[in-house]
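Protein chains in written order, with the numbering used here: chain A, 358 to 621; chain B, 2 to 748.
Even for Gly, the Cβ is constructed at its ideal location relative to N, Cα and C.
Reviewing the structure listed below.
This is the structure we're talking about:
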């Protein structure tokens, strides 16, 4: 169990009242949904809250091939016959952890239905294969996150799933704050991080015009880390900010130009 | 006449009155450049030209132009030029000698080495040799229609094109208009659209067309101000070059920017575009229009310089790297380069000030200037009105009587990336001219029937280039007939339809598919798990793949059927009673019915062509239409006629198919012969164009497949479509074959 505890305080810079709001939600054990573009701090926030509340955190990265049994558990064969193995959701419900399903829309809709009984007043998890009904631990809470921006039309949550959660809307922090965050995270001087943020904003303007997503705060942190290690800022930005997000030659040229003019 | 000139005049041995009038002047000019031997050669050559029997023009042109030619070119150009003149004289093109000599000096200034001039003459010689016509193929008798036009345009062409570009442009003209005298003359006069398009393609510099998307992204990304960009042509106004500007219709920029080479390094064409756009965006952001009625033109010019400098400074504050581009493009006027006693120096003063505002490292010593630069920086955030005040103060402080002079110092004062500032001014009164009081003329818009044509390029396999905007394609809805006819056809093929239906049911997407033998899966596959367990208990190695999982599988394919409706469809089949057109109708009806049952998005269109100016593309069924009576009626009215220009139709079909959202896109082409048209005598040309069209479509992710009814198709169809074709030998079996083929393709 101690594997899932978060021992050191993760750095998290609040953007508004989200910490207090989350604490209120947790006090009522309401399931929470966090939306926002990639790399804006969703997972970091959940980690921070788990630390703050002193609860273990079980994270599941969802994907298309994930099935209900990957969440709930399955029978395995061993020398004496079959043996049941709890899935991450079951474990969390038993021990009273915060279960964090990251990028939930990547999972197929029929898979996500298994979380329904856990997320309303019942707070139970039926294991039909095993014939067991698990009452969720008093500390158990479910958190999901997804990115409403880039997925296809096909990938969305069912209404019946959506309406079981309270929602937090995350976005990239305002320019000043984002520069502070990058500066604090990497110890790069504030002036340089402000420039990085400026480049990120140019790319975010292009969202929907050939870019699925703008440059995330996470990438800014990568770029700042490289600069801190002595890489020339222009090279670091090209490597960390531009090359990962696009193969489009025109966009690349435009962003490269932005970098050149910002770090002139 | 001067006695010396008199001697030369005798030497020239010429009786033309027109020559006598200008001779003295020409000789004086020549004497200032030529030594004795050159002078003799000059007069000898002129004498030869006078005795050609072509009137006074060649001699006159030579006498007047030659000194400047020699001055411009390093080396002695007389020999090659006279050789070429002799060659023209021997051919029927004697009349082109005068135009050649008349523009020679202008050409020589643009081609300042002997090699280059020789290159130019070679191009002209090639043009002459290949466009001089002969009646029976023996003796050249008809002069080249393009040659004199070419000489007249040469200086302008060389302004815009490199020698290689000129060669390509001439080559295109010879090959595509060699056999049509009027077209050829039009082409070389730069009067036909394709001639201008080809020239545009060969120009040096950064073409707007190539960087349009990048500039669009630039505006959006760095400034978050998307705007319509429209290029204006820089070809025609050699003297008054248009300046970038913006209005409510969008931003206007030149269609090409050459790289700018300055003392501070080279600025690439794309960066010049960016500088122009940034400056205009800056005006839009930070400039407020000023009322101009009470200010003199000088005052307005000063306000413009100050405001432009303010905008540039603000832009550089936003993106410091722009400063490098601005400073490299901004002229650096030299202090004291303008003499205030003889010339109007206001422009010069303002350009210096503008430079000093942008460039902290300027080295101007003028105290007033430096004082105003400091003031400028202090007021930078105060807005346009404050800047205008400062500008007026500057004009008043530095005013000189000579500012009124007509001779204006222009050198080093033009800032190429700045717009014309038309948005900076507001006029309360329209003007006191009489016409200003007239009502603005209302333009009546004419309604057009039908859509305007779309232009498509065509691939020329001989040069491996595209002919730009070569084909005009008109699209329309196919006229309707009686839907009942199609129903009767379908009824006739009832038995076949039943068989197809069984096939279709097999093809229909099954949503859930079980995948067995998975090491990791959703569920235990009990049969296999038990077997493994038994193996395990028996001590054998068990199969670990005991899980199974489910997969959803669907079809996502968009199909467009392109029908060749050319004249040959009216032929009867070998068996006799039906035309190929009727058989195609049956086949297409069955196919459409089958695809409707499958539920794939499906469209039908027909095409035929009557030369490159008239390719007709007719919609029979759209993607979103059902297989309804409307569609059947259109199909029933299908008629055959004209020729088969396949490439353009395929490109247009690709345009529609490309816009569909589907995993797979299929373009089915039903045709009965090779691509051909009456204006294309070379059989291979349209075949190669069609092949190129297939490749273009492939690049867009569209799979083309040809169903050919021509039993001799093997000669060419593989060239065009590779393996993606079927030839149907028994045309009678088409109604059965076509749906089967489709199903086999999409299984």
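Proximal residues of chain B, C-beta to C-beta of residue i below 8 Å
i                      : result
residue 420 of chain A : Those do not exist, as residue 420 of chain A stays about 12 Å from chain B at its closest Cβ, beyond 8 Å.
residue 426 of chain A : 523 and 524
residue 559 of chain A : 222 and 223
residue 619 of chain A : 320, 321 and 322
residue 615 of chain A : 222, 223 and 320
Identified DSSP bridge partners for residue i
i                      : result
residue 754 of chain B : Residue 754 of chain B cannot be examined here, being either before or after the span of chain B that is shown, 2 to 748.
residue 502 of chain A : A:391
residue 550 of chain B : B:516
residue 258 of chain B : B:207
residue 427 of chain B : B:292
residue 580 of chain B : B:573
residue 252 of chain B : B:230 and B:247
residue 561 of chain B : B:604 and B:668
residue 418 of chain A : A:459
residue 525 of chain B : B:548
Pair within 8 Å by beta-carbon distance, residue i and residue j
i                      : j                      : result
residue 141 of chain B : residue 93 of chain B  : yes
residue 757 of chain B : residue 358 of chain B : The question about residue 757 of chain B has no answer, for chain B in this structure spans 2 to 748.
residue 581 of chain A : residue 543 of chain A : yes
residue 577 of chain A : residue 554 of chain A : yes
residue 132 of chain B : residue 147 of chain B : yes
residue 332 of chain B : residue 352 of chain B : yes
residue 74 of chain B  : residue 32 of chain B  : no
residue 621 of chain B : residue 494 of chain B : no
residue 591 of chain A : residue 556 of chain A : no
residue 348 of chain B : residue 414 of chain B : yes
residue 628 of chain B : residue 498 of chain B : no
residue 219 of chain B : residue 614 of chain A : yes
residue 648 of chain B : residue 715 of chain B : no
residue 63 of chain B  : residue 102 of chain B : yes
residue 300 of chain B : residue 345 of chain B : no
residue 491 of chain A : residue 450 of chain A : yes
residue 265 of chain B : residue 328 of chain B : yes
residue 711 of chain B : residue 570 of chain B : no
N- and C-terminal bounds of the beta strand (DSSP E) containing residue i
i                      : result
residue 408 of chain A : Segment 399-410 is the alpha helix (DSSP H) holding residue 408 of chain A; no beta strand (DSSP E) there.
residue 441 of chain A : 438-443
residue 543 of chain A : Where residue 543 of chain A is concerned, there is no enclosing beta strand (DSSP E), although the alpha helix (DSSP H) it sits in stretches over 532-543.
residue 709 of chain B : 703-709
residue 456 of chain A : 455-459
residue 136 of chain B : Careful: residue 136 of chain B lies outside any beta strand (DSSP E) and carries neither H nor E.
Within chain A, the residues that residue i reaches when beta carbons sit closer than 7 Å
i                      : result
residue 1 of chain B   : No answer is possible for residue 1 of chain B: the residues shown for chain B start at 2 and end at 748.
residue 534 of chain B : 434
Limits of the unbroken alpha helix (DSSP H) element including residue i
i                      : result
residue 539 of chain B : Taken as a continuous stretch (DSSP letters only), residue 539 of chain B belongs to no alpha helix (DSSP H), as it is neither H nor E.
residue 316 of chain B : 298-319
residue 614 of chain B : Run containing residue 614 of chain B: none; DSSP gives neither H nor E here.
residue 5 of chain B   : 4-13
residue 274 of chain B : 270-287
residue 732 of chain B : Taken as a continuous stretch (DSSP letters only), residue 732 of chain B belongs to no alpha helix (DSSP H), as it is neither H nor E.
Chain-ordered chain A contacts of residue i [CB-CB under 9 Å]
i                      : result
residue 550 of chain B : 422 and 424
Heavy atom of the ligand ZN within 7 Å of residue i beta-carbon
i                      : result
residue 662 of chain B : The ligand ZN is absent from the structure shown, which contains no ligands of any kind.
Exercise. Using a Cβ cut-off of 7 Å, which residues of the segment 454-482 of chain B contact any Cβ in chain A, in chain order?
Worked result: none
Exercise. Given a limit of 8 Å on CB to CB distance, which residues of the segment 561-578 of chain A reach chain B?
Worked result: 562, 563, 566 and 567
Problem set entry | Within 7 Å of chain A by C-beta, residues of the segment 199-233 of chain B in sequence order | 214, 215, 218, 219, 221, 222, 223 and 225
Problem set entry | Near-chain A residues of the segment 319-335 of chain B - C-beta to any C-beta below 7 Å | Of all residues in the segment 319-335 of chain B, 320, 321, 322, 323, 324 and 325 have a Cβ within less than 7 Å of some Cβ in chain A.
Problem set entry | Residues from the segment 270-296 of chain B in contact with chain A, defined by Cβ distance under 7 Å | 275
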